[in-house]
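Worksheet: one structure, shown below.
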Amino acid sequence: MRFKDTQIEMSHGAGGKASRKLVEGLFAPLLLTDAAQMLSDAARVEMGGTAIAFTTDSFVVRPLRFPGGSIGELAVNGTVNDLAVSGAKASAMVVTFILEEGLASTVLEAEVRAMSAALKRAGVSMVGGDTKVVERGKADGMYITTAGIGIPMRGVHVDARTVRPGDKILISGPFGDHGITILLARQDLDLEADLVSDTRSVLPMVEAIAAEAATGIRWMRDPTRGGVATALNELARDCGLAVELNEEEIPIHDAVRGACELLGLDPLHIANEGQFLAVVSAEYADAALNAVRMTDGGDEAQIIGQIREQPAGAVVVNTRYRGTRIVEMLVGDPLPRIC
Amino acid sequence: MRYVDEFRDPDLITKASDEIRRLANPSRHYRIMEVCGGHTHAIYRFGLKDILPENIELIHGPGCPVCVLPMGRIDDGLAIAKAPNRIFTAFGDMMRVPGAHGSPLEDKARGTDVRIVYSPADALEIARKNPEKEVMFFAIGFETTAPSTALTLMSAMSQGIDNFSVFCNHVTIVPAIRAILDSPDMRLDGFIGPGHVSTVIGCRPNQWIASVEGKPVVTSGFEPLDLLQSIVMLLRQLDAGEAKVENQYKRVVPWEGNRAALKVMAEVFELRPYFEWRGLGFISQSALRIREKYAAWDAERRYSVPETRVADPKSAQCGEVLKGVLKPAQCKLFGKECTPEHPIGALMVSSEGSCAAFYNYEYRKSQLTSISAMA
């Protein structure tokens, strides 16, 4: 369907329905060589007979530093994670800085140091970059774009079309921490909570699954903007099946639940920067869950649901009270500029 | 989480739903209206319809402040905000509600300075920090939010903050319920009474519904157990042939209401002779306006207001849905021209709007049911 909105609004960048319409209605048909190719977190390209994964991500978060992380760390982890959930291990990265006139050098240096530490942790080489400076008032201090290539992990095949009824849905840990942390860090609300962003590389956890249950992996995604709900709605649409979640098994920190209750938000729509979702075939589900739980930082991983035939294309939650509700993709933009 | 988890306890909820099944007379069909949009939202969000017997029908009421606002008021507010050096502030609920020329968010993309606030006090703070700008708060809501607007206007006066004003759209709940009861096509057995509004006005203003109209009313909280318990209480009254006002939400709602809040409202506001409600038309003495004493902070006096009158699109049936005559999915536009991404009416925008709640939590479930029913 052609992109028909008359102007760009914040929702086009929020990762939900509007973003998808922009990509599918304008960017993909005019820019992609193979427009029918399924859009995922990273592209697969063949170069001289070798397959590599290739992706890019931009970061425009405000504030630049927040409890548990900062824009520099996000910029590295975001690209590492996009590659990881595509079944690839990041190997090299390039970076573009868009800096605002007047930005304190100490602030910039702190972010470069944060990037350096994140690169070391992920075992990725930075191999190039570019810098632009814009007038004061044209950027919130700095924007960072990274692009990375990775080597596909052996035996891992991520494709929504391979998902089958009965497959299990795994999440690496409690979600919503990042989005709520950023919302509170802005101090627009007189709310405080003992909460830090979950910003981290998910590569070690993905590698652990790949080692123990590679052939069981059907699909993976890091639920960033738009949250778990949007990622799973895309899955439901792409595989033509129903995604069924069991409310009782969904891990959410109390502080996130509390903030969402107060603000009328659904934790399923809140962004994350250090979690991933995986669909694993039923016979490999226990092995995959154990593998993630044994990995550092994966102890709160959970199987939160399963794939069903019906209602095709939808995400359904079984509530604690024998009721069900549909979970829609994010519409609009609950929390502007969080990654 | 205290005060939340106890009211979502699966065992207690099962007990309450068993009690409802025991009390509901199988040969009878019950039509119960939940007045508040907050109740509508909770009913869908927690999947409560699935655990109620089929002969208990919940009808969604008019208690969604964004939904009852006529389009022209949004256009008026945005027209004022468009002038240079002005800042438009409103609750997040308002941001995607379309006027005839677009929503506040669309105007933001076109250059109007639009900001989301979580309370009118935040809007006043923006005015204090930006003395060179004129800040307008687009006030919406029933008696729930009116006291905080009133207090903010009193602060603006006492602190002498002159670059602040309020575009007042506050409405009162009782006349809307009366309008619905007067509607000839409506047959109701009882009301799940407003929760948040009653924390301010108390339960007494609903007494006429029981004594004059002969319908039971139970003022209810917003958690699943609150709503189920309120239905139990209504069924008991109906079973006994009684009609009285009961308070299920005692942990929050005092019978007499909140005197301090009523006092500040009386200080700042007076009743408008009449006000237009979307879908319900003009209702006399159903809305608040700012008293003469606070005229300097009243956007309607301070600026020239275009007084836009916009008729709803003919095919949209927001009024019927708002009155509970039609279910959201029975509107001709529902899920076709009117969706959460492209809302025609406010009922599809606000999280408390019955169309949005139905679309977000229930719609595709019902599509599935109708497909399997055909098969």
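Here the protein sequences line up with chains A and B, keeping their order. In terms of the numbering used here, the first sequence opens at residue 1 and continues consecutively. In terms of the numbering used here, the second sequence opens at residue 1001 and continues consecutively. Think of the CB as a built atom: it goes at the ideal place given N, C-alpha and C, for glycine as much as any other residue.
- The Cβ atoms of A/F59 and A/S197 do not sit closer than 8 Å to each other.
- Contact of B/P1104 with chain A is not assigned, every C-beta pair being separated by 8 Å or more.
- With a minimum length of 4 residues, the unbroken runs of alpha helix (DSSP H) contained wholly in the stretch 44 to 127 of chain A fall at 71 to 84, 105 to 122.
- Under the three-state reduction of DSSP output, A/Q306 falls in the strand class.
- Looking at the DSSP output, B/F1088 shares a beta bridge with B/V1114, B/M1136.
- In this structure, B/C1067 keeps its C-beta atom at 8 Å or more from the C-beta atom of B/R1302.
- According to the DSSP assignment, B/R1128 belongs to no beta strand (DSSP E) but to the alpha helix (DSSP H) extending over 1120 to 1129.
- For a Cβ distance threshold of 7 Å, nothing in chain B lies close to A/Y143: the least Cβ distance comes to about 19 Å.
- Here B/S1315 is exposed. Its C-beta has fewer than 16 other C-beta atoms within 10 Å.
- Counting along the chain, no alpha helix (DSSP H) covers B/F1222, and no H or E run does either.
- Looking at B/R1021, B/M1157, B/Q1248, the one whose alpha-carbon comes closest to that of B/F1007 is B/Q1248.
- Membership of B/F1358 in the alpha helix (DSSP H) is indicated by the continuous run 1354 to 1361.
- Neighbours of A/Q7 across chain B, judged by C-beta separation under 9 Å: E1106, A1109, R1110.
- In the structure shown, B/P1062 falls within a strand segment according to DSSP collapsed to helix, strand and coil.
- By the neighbour-count definition (other C-beta atoms within 10 Å, threshold 16), B/F1091 is a buried residue.
- Classified as exposed, A/F27 has fewer than 16 neighbouring CB atoms from the shown chains inside 10 Å of its CB.
- Spatial neighbours of B/P1194 in its own chain (CB-CB distance under 6 Å, excluding positions within 5 residues in sequence) are listed in chain order as V1035, C1036, G1063, I1173.
- Annotated three-state conformation of A/G216 is helix, per DSSP.
- Taking a Cβ-Cβ cut-off of 9 Å, the neighbours of A/R257 in chain B comprise M1001, V1004, given in sequence order.
- At least 8 Å separates the CB of B/N1130 from every CB of chain A.
- For A/V331, the chain B residues whose Cβ falls inside 7 Å of its Cβ are P1340, E1341, in order along the chain.
- Secondary structure of A/A18 (DSSP, three-state): helix.
- Sixteen is the threshold: since fewer than 16 other Cβ atoms of the shown chains lie within 10 Å of the Cβ of B/K1263, the residue is exposed.
- Taking 8 Å as the threshold, the shortest C-beta distance from A/R322 to chain B falls below it.
- Residue A/L103 holds the alpha-carbon nearest to the alpha-carbon of A/L64 among A/T56, A/S125, A/L103, A/V95.
- B/G1141 sits in a strand when the DSSP states are folded into three classes.
- Between B/P1010 and chain A, the shortest Cβ-Cβ separation is below 8 Å.
- Exclusion of the five residues before and after A/G240 leaves A312, G313 as the residues of its chain whose Cβ lies within less than 7 Å of its Cβ.
- Counting only the Cα atoms, B/R1291 lies some 45 Å from A/R325.
- Contact check for A/V95 against A/T162 fails: the beta carbons are separated by 8 Å or more.
- A distance below 8 Å between beta-carbons, with the five flanking residues on each side excluded, links A/T106 to no residue of its chain.
- Pairing A/G148 with A/A211 gives a Cβ-Cβ distance that is not under 8 Å.
- For B/G1038, the enclosing alpha helix (DSSP H) covers residues 1037 to 1045.
- With its beta carbon less than 8 Å from one in chain B, A/G264 belongs to the interface.
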